[in-house]
Each structure stands twice: as C-alpha cells, then as structure tokens.
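**Q** My numbering numbers the first residue of the sequence shown as 364 and each following residue consecutively.
A single structure is presented below for examination.
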Amino acid sequence: MLRQARSTVMRTFAAGTLTVGLIEVTTHLPSESRSSLFYHHVCDNVVTPALRYTLDPETAHNVALEFARRGFGPKFHPSAIEQTSIKTSIAPFPNAASLTFDNCVGLAAGFDKNGEAIQAMSEMGFGFVEIGSVTPEPQPGNPKPRMYRLTEDLGVINRYGFNSKGVDEVEDNLKQFHSTRPPSQDASSADDDHNTMEVVLHKIQTSFKWITKSLQKSWETPSPIVGVNLGKNKTSVDEIADYKRGIRQLGPYADYLVINVSSPNTPGLRDLQAAEPLKKLLREAVQARNELSPRTRPQPSSQDSDFLPPLLVKLAPDLDDTQLQQTIEAIMECQIDGIVVTNTTLARPSSLQSEHQEESGGLSGAPVRDMSTECIRKVYKLTKGTIPIVGVGGVGSGHDVYEKLKAGASLVQIYSMMVYQGPGVISRIRKDLAELMVQNGQRSVDDVIGVDHEDLYWEKRLALQQKKEQHEQVIVDE
364 MLRQARSTVM
374 RTFAAGTLTV
384 GLIEVTTHLP
394 SESRSSLFYH
404 HVCDNVVTPA
414 LRYTLDPETA
424 HNVALEFARR
434 GFGPKFHPSA
444 IEQTSIKTSI
454 APFPNAASLT
464 FDNCVGLAAG
474 FDKNGEAIQA
484 MSEMGFGFVE
494 IGSVTPEPQP
504 GNPKPRMYRL
514 TEDLGVINRY
524 GFNSKGVDEV
534 EDNLKQFHST
544 RPPSQDASSA
554 DDDHNTMEVV
564 LHKIQTSFKW
574 ITKSLQKSWE
584 TPSPIVGVNL
594 GKNKTSVDEI
604 ADYKRGIRQL
614 GPYADYLVIN
624 VSSPNTPGLR
634 DLQAAEPLKK
644 LLREAVQARN
654 ELSPRTRPQP
664 SSQDSDFLPP
674 LLVKLAPDLD
684 DTQLQQTIEA
694 IMECQIDGIV
704 VTNTTLARPS
714 SLQSEHQEES
724 GGLSGAPVRD
734 MSTECIRKVY
744 KLTKGTIPIV
754 GVGGVGSGHD
764 VYEKLKAGAS
774 LVQIYSMMVY
784 QGPGVISRIR
794 KDLAELMVQN
804 GQRSVDDVIG
814 VDHEDLYWEK
824 RLALQQKKEQ
834 HEQVIVDE
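Structure below.
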C-alpha cells in the first residue's frame, strides 16, 4: 500500500511538473511567463484538481508546498484597475509605522508551517506570509489521517496538532530566507514519503534544467513581510516558557509575531484564552518581545524604519459573548498590537453535506466565512477600532475580503479555499477587491476598514484627518 501511494505521488508530481514546465516554456512571454492568465488557468484548473482527485489531503498539501518551493507556482497577475485606481498599501500597526504591507491579503498560518516557501508564496501576490505554527521542540503532531476535505461544502477539517520541525530548523530557514540564498535542493525530512518526493524532484530538476532555470527566474516583488505563528509543545509543562523561547529565537527574523492560543487540536491550549491565564501569558510575551533588538526594513521614505515586531494573539470563533469580552479586555490591558480573528471552529453548521463532517478537529473554509466575519465585527466594536484585526476564515473571493474589511479587519488571510480554487485565487481576489472599491468610491484600503460601524468609522476618519492636518502644520512651521 505504501509503495503504491509513493508511486502515485511520483507519477502525479512528475506529470504535473513536466506539463507545467512545457507550458511555461512554450507560452513564455518576456513580460508574463508564470504571471500569464494561461499559466494561472493550468495551475488552478488542471494541476490543483489533479492533486485533489489523486492524492489524500495531507499528501496533496505537501506536494503543493514543494511545487511552490521549487519555483513552479504562478506569479501574481497584476490588474490595471488595482495598479491605477486604488492605493493597496497599508501600515496598520501604530507602533511599527514603517511596517507597510504592499497589499492587505496574506497567507494564513498552516500552509507553510516551517518557513520553506516564503519567497514563492510572496511572488503569488500575497502581501504577507505567516508561517507556523512553530513549536519549541520538533513534534510529529497527531496520528494520520488528520486532514479531510469537505468537498461539497468547500471546507476542510484538520487535527494536525501543531506538527512542527521546531524553532531551531525554522530559525535556519528564516536565516536562509533573509540571506537571499536560493533554497537548498537537498533538504531532508523525517518523513519517508517526503524523502521519496525529494529524490524524484531532484531527478526532475536535473533532467529538465532548462525548464527550471526559466521557471525560477527572479521577479522583482516587494520584500516579503513574514509573520511567525507560535505554538506550544503538546507535552510541555510550561507554556509560557514555550512561547518566550519562540519569541526570543524567531523574533529577530519576524516582521510580526502571533501567539496562537486557539488551536482546537492541542489539549488545554484554548484554556489560555481565559482572562487571567491569558494576561499572565501576554505580559511575559510582551516583555520577551520588548527585549529584542529593533528590526529594520528598507523603506522608500525618510521615516525611521526601526521597529519591534508587533505582537498579535489568535483567537477561536467559539467564544461566547461574555468570554470574548473578557478576552478582549485582557488583550487591551496587556497592550497587544493586534488580534487574528479567527482560528478554526469546533462547531459543525447544520448546512454541512460532506460525509466527513463528523470528523474531529477544526473546521475551516467556506462554512466558517460568516462566523468569522461576525466575530471580526464583534471584536472591532469591543476594541472601538483601536487594535488592528487580521481577519481569516472562508475567504475565497474579493467580496469575502471586502466584507471582512468592512467588518473591521485591517488585513485578511486565506488558506483553505486554495484547496478548491488553486494558487491563482490571490490574483483574482486582488482584482475583484479593487473593482469593488472603485465601484463604491473607495480609493484606499483605509477607506473600507470598519465601514459597517458607522459611528466608529467616522470618528476614526476625523481623528486621522486631524492628525494629518497637525502633521502638515508642523511641516509649515519648520
């Protein structure tokens, strides 16, 4: 059975690689190549369905990650309306004003758990890439199978349980990424299936150097913003020490850090969302973050670019209103920089049709879209719009992003919907979002954030206008 599975993986990936490589070469245009609509169409409508129909979810995930890491993923296909009609960049964190996101749509944690394909994912058009969750020590996670597609519902259930290579290996990956060296072609893995795949990929690359050379040409993109999502080890007896180690070891290489206390697949983790345990954890986390040396990002402005990585907390969508209010009060008391809303849910909507709907684990994808958006709306209201929100859950279109921005998110992430729509979805989302903004007379992402909260929205707009006028007056006085 294992040999047959390996054979299937090898055949599928070899055929997909050869097909996409030949298409790239035969349709290559100097101005387009992997950003062409045709290349996007092949990746989304040929390669993605092939992986979905021939491989189990976790194997398909691993193959897709390798597919991207090796330079076969599509590059962002820019749209004229986004480039000419709206301002896509946003700097949501007041304490890190020089941390400017090229666009508001990012990759959620879970796809690239160990920081192996950051540059490749950025080239697809993501404004930022969040890796993890990363645990202090390597751990295998829960037994397989642990991921299920709910195809009829466009959803996913996973119970991975923080499978991670640990902070030491992720630190090496981040160092390699920041050094701009090409990724290693002989990276090893503890997984036999992954080892087999490595051998096959190496042979493919050796045999088709003329293809991979074309596929891996450099493409000028903004320096990728990298978030690091931190978790604790399953057997840990000191979760605070776990998170502090992650902050200290990976913080120097992160543009922002996320404290994940909301995964449903690690026993006892969600208990840390309660007010008192959360305050205790966050105070220690903030102190550890404050002990880091300020980071510097190259910025095309005179603004001081040194900053400490913003510290965010990722919450579950399953908190009731009282629990959510207490959690938000704890977050605000500890002066946390942002909130990621939301993680996967343990709830099972009555609308689910898939035979896998009763599998244990966290549900993500389209079934949680409205639940996530409503939770964003509540958090924005509770914080009065004073803490940036990263919205995640069921995003598969520009309209989905737009709804989350209106509800109060400053940034939005996607992941699960790529399982069904392919990697080209990011280009479509950005184009659709730009069209919606122009249709509604909005020229920047800031114009959309919190529109659903009319009183708070105009209060914030007035404050921003006053701040701008004060800044202009200072310039005049000087």
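In this text, a Cβ means the ideal position worked out from N, Cα and C, and glycines have one as well.
Decide if valine 758 is buried, meaning its Cβ has at least 16 other Cβ atoms within 10 Å, or exposed.
**A** Residue numbering aside, residue 758 sits at position 395 when the sequence shown is read from its first letter. Valine 758 comes out buried.
**Q** Do valine 492 and serine 527 have their C-beta atoms within less than 9 Å of each other?
**A** Numbered from 1 along the sequence shown, position 129 holds the residue referred to as residue 492. Numbered from 1 along the sequence shown, position 164 holds the residue referred to as residue 527. No, the Cβ-Cβ distance between valine 492 and serine 527 is not below 9 Å.
**Q** DSSP three-state label for phenylalanine 491, please.
**A** Walking along the sequence shown from the start, residue 491 turns up at place 128. The answer is strand: DSSP assigns phenylalanine 491 an E or B state.
**Q** Go ahead and pull the three-state DSSP assignment for threonine 708.
**A** Residue mapping note: residue 708 aligns to position 345 of the sequence shown, counting from 1. Residue state, collapsed to three classes: strand.
**Q** If you measure from the beta carbon of glutamate 479 to each beta carbon in chain D, is any gap under 9 Å?
**A** In the structure shown, chain D cannot be found, because there is only a single protein chain.
**Q** Taking the alpha-carbon positions, what's the phenylalanine 489 to alanine 710 distance?
**A** As a first step, residue 489 must be located in the sequence shown, where it is residue number 126. As a first step, residue 710 must be located in the sequence shown, where it is residue number 347. Looking at the two C-alpha atoms, the distance is approximately 29 Å.
**Q** What does tyrosine 511 pair with, by DSSP beta-bridge criteria?
**A** Taking the sequence shown and counting its residues from 1, the one referred to as residue 511 is at position 148. Answer is Ile520.
**Q** Going by DSSP in three states, serine 855 sits in which element: helix, strand or coil?
**A** Nothing can be reported for residue 855: it is not among the residues displayed for the chain, which extend from 364 to 841.
**Q** Taking the alpha-carbon positions, what's the histidine 404 to proline 437 distance?
**A** On the sequence shown, position 41 is the one that residue 404 refers to. On the sequence shown, position 74 is the one that residue 437 refers to. The alpha-carbon atoms of histidine 404 and proline 437 are separated by roughly 9 Å.
**Q** So, for glutamate 696: in the same chain, excluding its five sequence neighbours on each side, which residues have a beta-carbon less than 7 Å away from its beta-carbon?
**A** Locating residue 696 in the sequence shown gives position 333, where the first residue counts as 1. So the list reads Lys642, once near-sequence residues are dropped.
**Q** Within a Cβ cutoff of 7 Å, which residues of the same chain sit near aspartate 554, ignoring the five residues on either side of it in sequence?
**A** One-based indexing of the sequence shown puts residue 554 at position 191. Only weak support is given to the placement of aspartate 554: the predicted model assigns it a pLDDT of 46, under 50, and the value that follows is read from those uncertain coordinates. Correct list: empty, nothing qualifies.
**Q** Using the DSSP secondary-structure output, state which residues sit across from asparagine 592 in a beta bridge.
**A** The residue labelled residue 592 in the question sits at position 229 within the sequence shown. Answer by DSSP bridge pairing, in chain order: Gly495, Val621.
**Q** What does DSSP give as the partner residue(s) for aspartate 684 in the beta ladder?
**A** For the purposes of this step, residue 684 is taken as residue 321 along the sequence shown, with counting starting at 1. The partner list for aspartate 684 (beta bridge, DSSP) is empty, contrary to what the question assumes.
**Q** Determine whether the beta carbon atoms of tyrosine 778 and alanine 472 lie at a separation below 9 Å.
**A** Within the sequence shown, residue 778 is the residue found at index 415, counting from 1. Within the sequence shown, residue 472 is the residue found at index 109, counting from 1. Yes, they are a contact pair.
**Q** Could you check what DSSP says for serine 394 in three-state terms: helix, strand or coil?
**A** Along the sequence shown, one-based indexing puts residue 394 at 31. Residue placement at serine 394 is poorly supported in this model, since its pLDDT is 40, which falls under 50; the coordinates still yield a value, given next. In the structure shown, serine 394 sits in coil (DSSP, three-state: anything other than H, G, I, E or B).
**Q** So, are the CB atoms of glycine 725 and asparagine 521 less than 9 Å apart?
**A** Position 362 of the sequence shown, counting from 1, holds the residue named residue 725. Position 158 of the sequence shown, counting from 1, holds the residue named residue 521. In contact: glycine 725 and asparagine 521 (Cβ atoms closer than 9 Å).
**Q** What are the boundary residues of the beta strand (DSSP E) that isoleucine 777 is part of?
**A** Translated into the one-based positions of the sequence shown, residue 777 becomes position 414. Counting along the chain, the beta strand (DSSP E) containing isoleucine 777 begins and ends at 774-777.
**Q** Under the rule that 16 or more other beta-carbon atoms within 10 Å means buried, what is glutamate 515, buried or exposed?
**A** The residue given as residue 515 occupies position 152 in the sequence shown. The residue in question, glutamate 515, is exposed, as its Cβ has fewer than 16 Cβ neighbours within 10 Å.
**Q** The beta strand (DSSP E) with isoleucine 752 in it runs from where to where?
**A** Here residue 752 refers to the residue found at position 389 when the sequence shown is read from its first residue. Bounds of the beta strand (DSSP E) holding isoleucine 752 are 752-755.
**Q** When the distance is taken between beta carbons, is tyrosine 606 closer than 9 Å to leucine 462?
**A** Indexing the sequence shown from 1 puts residue 462 at position 99. Indexing the sequence shown from 1 puts residue 606 at position 243. It is not a contact, given that the beta carbons lie outside the stated cut-off.
**Q** Are the beta-carbon atoms belonging to proline 627 and tyrosine 511 less than 9 Å from one another?
**A** As a position in the sequence shown, residue 627 is number 264, starting the count at 1. As a position in the sequence shown, residue 511 is number 148, starting the count at 1. Not in contact: proline 627 and tyrosine 511 (Cβ atoms no closer than 9 Å).
**Q** What does DSSP give as the partner residues of aspartate 669 in its beta bridges?
**A** As a working note, residue 669 is residue 306 in the sequence shown. DSSP lists Thr659 as partners of aspartate 669.
**Q** Taking the alpha carbon of proline 506 as the point to measure from, which residue in Phe525, Asn706, Gly495, Glu822 has its own alpha carbon closest?
**A** Translated into positions along the sequence shown, residue 506 becomes position 143. That would be Phe525, whose Cα lies nearest to the Cα of proline 506.
**Q** Identify the residues that DSSP records as bridge partners of leucine 678: which are they?
**A** One-based indexing of the sequence shown puts residue 678 at position 315. Paired residue(s): Val704.
**Q** Could you spell out where the alpha helix (DSSP H) holding glycine 529 opens and where it closes?
**A** Numbered from 1 along the sequence shown, position 166 holds the residue referred to as residue 529. Glycine 529 -> alpha helix (DSSP H) spans 529-541.
**Q** Would cysteine 467 pass as a contact of serine 773 if the rule is Cβ separation under 9 Å?
**A** Here residue 467 refers to the residue found at position 104 of the sequence shown. Here residue 773 refers to the residue found at position 410 of the sequence shown. In contact: cysteine 467 and serine 773 (Cβ atoms closer than 9 Å).
**Q** Taking Cβ to Cβ, would you say lysine 767 is nearer than 9 Å to valine 775?
**A** On the sequence shown, residue 767 is found 404 positions in, with the first residue counted as 1. On the sequence shown, residue 775 is found 412 positions in, with the first residue counted as 1. Cβ distance < 9 Å, so lysine 767 and valine 775 count as in contact.
**Q** Does DSSP put phenylalanine 439 in a helix, a strand or coil?
**A** Taking the first residue of the sequence shown as position 1, residue 439 is located at position 76. In the structure shown, phenylalanine 439 sits in coil (DSSP, three-state: anything other than H, G, I, E or B).
**Q** Thinking C-beta only, is valine 410 closer than 9 Å to phenylalanine 430?
**A** Taking the first residue of the sequence shown as position 1, residue 430 is located at position 67. Taking the first residue of the sequence shown as position 1, residue 410 is located at position 47. Taking 9 Å as the Cβ cut-off, phenylalanine 430 and valine 410 qualify as a contacting pair.
**Q** Could you tell me which whole alpha helix (DSSP H) segments of length 4 or greater appear in the region 767-836?
**A** 781-784, 788-802
**Q** Hey, would you say arginine 415 sits closer than 9 Å to alanine 480, going by beta carbons?
**A** Your numbering for residue 415 matches position 52 in the sequence shown. Your numbering for residue 480 matches position 117 in the sequence shown. No, they are not a contact pair.
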